[in-house]
Amino acid sequence: SCDHDDVVLTQERMTEAYRRIHQLESPLIRRLYSALECNPRVTLVSSRHSSSNNNHLPIVCLRHDVYSCKDIVDHCTKGGIICRSGTFLSTKMLLMQDENDDSTNDDGGSVCRFSLAHYNTMEEVDRCFKHFETLPNF
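The sequence shown begins at 1 in our numbering and counts up by one.
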């Protein structure tokens with residue numbers, strides 16, 4: 001039997017746990033951002049990653065000038081990459097951004113969302129980019 005009496009959940013343990021999670025997620029999100037920022041056809045919708053922001057969630061939302069979010073999600077799904085499209089409770093804000101968007105697709109306010117976590121690997125992030133490259137004009 002396992003004795004859990006010696007494990008006390010303290011503020012210090014929680015702080016350390018979140019620090020470690022952030023330490024694992026930060027390089028992944030930086031790699032994802034830096035690769036997507038270099039693509040002139042990609043518009044990043046989520047806030048810019050800041051290594052000083054410990055509250056940043058490892059989520060990247062994007063739009064593409066040529067491909068709809070649904071097309072990107074379908075393509076990624078075929079490659080075993082999980083992502084989603086939608087407005088994610090931000091419909092009004094995204095529709096306002098659409099008014100200034102000159103892309104050729106009509107996503108109706110949708111974005112393509114990639115969510116990372118501490119258990120993802122750099123190899124998975126790199127595989128995602130390689131899979132993007134199989135889309136013509138990505």
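The beta carbon of each residue, even a glycine, is placed where N, CA and C say it ideally should be.
- For the 8 Å CB-CB criterion, Cys-76 and Ser-110 do not form a contact.
- If you compare the alpha carbons of Asp-74, Val-7, Asp-65, Arg-31 with that of Thr-121, the shortest gap goes to Arg-31.
- Close CB contacts of Pro-58 within its chain, under the 6 Å cut and outside five residues either way in sequence, are with Glu-25, Ile-29, Leu-116 (chain order).
- In the DSSP assignment, the residues bridged to His-64 are Val-42.
- Sorting Asp-126, Gly-80, Leu-135 by C-alpha distance to the C-alpha of Ser-34 places Asp-126 at the top.
- For Cys-112, the enclosing beta strand (DSSP E) stretches over residues 111 to 115.
- Exposure of Gly-79 is indicated by the presence of fewer than 16 other C-beta atoms within 10 angstroms of its C-beta.
- Taking 8 Å as the cut-off, the Cβ atoms of Arg-41 and His-64 count as close.
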